[in-house]
Amino acid sequence: MAKWFLSSDEELVFESDGIKVCLWAVGGFAPVDVAAQYPSLKMTLSSFALREWTRYRLKVEGAARPTSVHFSGDPAERDPRAGVYEYTYRNQIGRSAIIVTVGGHSLPPLEVEVLSPKLNLDDPDDPLFYPRFYRTLVEELVQRQLTLPFTFEAPTYHAVEETPEPPTPLFLFHFLRSKRVRELLGQAVEAILARPHRLLTAEEEFVPFPQVFEVDADVVLSILTNTQHWVEYRRTGLAVAERLGGYAPQKVWQRLTVETFDTPENRFVKWFVGELLSWVEKLLAWKQFPDRARDEFVELKGQLERTLHDPLFDEVGEMVYFPATSQVLLKRSGYRELLELYRQYLSSKRPAFFRNLQEAIDSRDVATLYEYWCFFELVRRFEEELDWGEPKLKLEVRGGGELAWDVTADFGSGRKLVYNEGFGRGRERSYSVALRPDFVLHEGGKATVVFDAKFRFDVRSLPREREDSYDEDVASGDVERVVKHADLYKMHTYRDALKTVRSAVVLFPGTEGQGEFYDRNTNAKLTLMEVGELVREKWEGVGAIPLVPDG
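Start counting the sequence shown at 1; every next residue gets the next number (my numbering).
Here you go:
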């Protein structure tokens, strides 16, 4: 099968059945075959790399039929005079697929890694070497999420809908490890097994004649029409035998009232406990599962298995539908608590903190992964540099048309770090516009410092930005420069618009070693050594701190 390859002319080429496709850079970063350049790397990435903000051209030869070209789903612009397609990745980094369609049939996709100019492919020892940076970023991010304990909070009631997407392993790990979840699950199961819901149902059955307890018109009709149950009766004194000419029924049809545990509510319990057991088993087999939590999950696995093996569930069938309106689920002890856990479980299938993270890992969206990593890195630095101790991480689901999560690292004493907090108009809020910084530090119940993770930021932007060159950059048409400039412009907006905020700081990947800060009162340039210093000394102004995962 034909494959894409890098030619000696620094072009990515595909040839098959008389069709030739070539992709090359125009005055910028030429395509690179990372796997060939560094064969010793254990590559989990695409073999080829392109660069953000570089113009690429693609030409299809030998195709007389209509052709289309898409980069990450976006159609490329076609230059009919040159007979080529052009595309520039703007604010797009990570995994990308280039699809060429000829005559309605797609050629094998060209899988590439789109790199930011912040990262390089030259020095494997550099923390910003792309394969190393990405691997370390994901490993640290996953490890820190597995290390820090999360608690879950949700409204007493909110509507939930089943969705086909499975929950993410990270969510389920914290969900099932949560002390509150485990306690609630144990209480619910104990209450259900002690007093399970049951129903009285009517069943029809032929019983031996001595066991007949009810005779009505339907029973008489059944006796007369089921002569196969008649036997000869030679003795006297039996009225029915006298009426039937010396015959009596050996078996008689009866309506029996039977108590059953096979109810929709118990079917739900059986299904949900089985669902949790299945995920516990998958987590225990997960290659990133931390050994320190293994005993807890083995114990939970045993609890769930014992529940399913209880005789109660021997006669309970499989769940066909979810009894959403059942008053037993809504009000009865045990069932009510299990329903609450089920709602939290369903919340994990909506766009949320862990789901967005998993999607970023899957698509290798390095900018989004870096933002997540910065949150946990700030938590670590506050804990160590300020000696605030380990925080409690809270994930709180908010109801409404679309479920969302509020994520907070609570250090106690009125100190907390909030992820993606929104600010609208109001008291102690933005006086003019709605803002949503990446991270907000609260002290004494007030927002005091805001941080934005800006993957593309360059610390050299700081002094030039103070010269108010934004309009100049827009007029020049330098899109890359405008994007970087706008990042820092937003820092001034945060500081000026949010009434209680004293500092606004950019977090960016860099090897400069020291951060920079411009004092609001003196306009002096200060050297910002660490995040803790910024908070401890209560600096006022704007600045930037390089943060890089180092393993």
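Every residue, glycine too, gets a C-beta built ideally from N, C-alpha and C.
Asked	Found
Inter-residue Cα distance where the pair is L534 and L528	7 Å
For W4, the nearest candidate out of V112, V69, T101 and A248 (CA to CA)	V112
N- and C-terminal bounds of the beta strand (DSSP E) containing H174	No beta strand (DSSP E) holds H174; the alpha helix (DSSP H) holding it covers P169 to R177.
Backbone secondary structure at V457 - three-state DSSP	For the sequence presented, residue 457 should be read as Phe rather than Val. Note: F457 maps to coil in three-state DSSP.
Contiguous beta strand (DSSP E) assignments of at least 3 residues, all confined to the region 24-64	48-51 and 55-61
Which of helix, strand or coil DSSP assigns to W373	helix
Delimiting residues of the beta strand (DSSP E) encompassing F508	S503 to F508
Segment limits, beta strand (DSSP E) that includes R144	Segment Y130 to T147 is the alpha helix (DSSP H) holding R144; no beta strand (DSSP E) there.
Whole-angstrom distance between A293 and L339, CA atom to CA atom	26 Å
Where the beta strand (DSSP E) through L110 begins and ends	L110 to L115
Rounded C-alpha distance that separates Y87 from E11	15 Å
Exposure label - W53; buried when at least 16 CB within 10 Å	buried
Beta-carbon spacing of L23, L185 below 8 Å	no
CA-to-CA distance, T522 to E402, given in whole angstroms	For E402, the pLDDT reaches just 41, beneath the cut-off of 50, and the residue's location in the model is therefore unreliable, leaving the point undetermined.
Check whether P549 and L137 have beta carbons under 8 Å apart	yes
Y247 versus V240: straight-line alpha-carbon distance, rounded	8 Å
Outcome for Q250 when other beta-carbon atoms lying within 10 angstroms are tallied against a minimum of 16	exposed
Contact the region 65-75 vs the region 97-112: 3+ CB pairs below 8 Å	yes
CB contact flag (L50, Y89, <8 Å)	yes
Beta-carbon proximity of E299 to L277, cut-off 8 Å	no
Extent of the continuous beta strand (DSSP E) to which E390 belongs	Where E390 is concerned, there is no enclosing beta strand (DSSP E), given that its DSSP letter is neither H nor E.
Selected residue, minimal CA-CA separation from V219, among L256, L199, L547 and L110	L256
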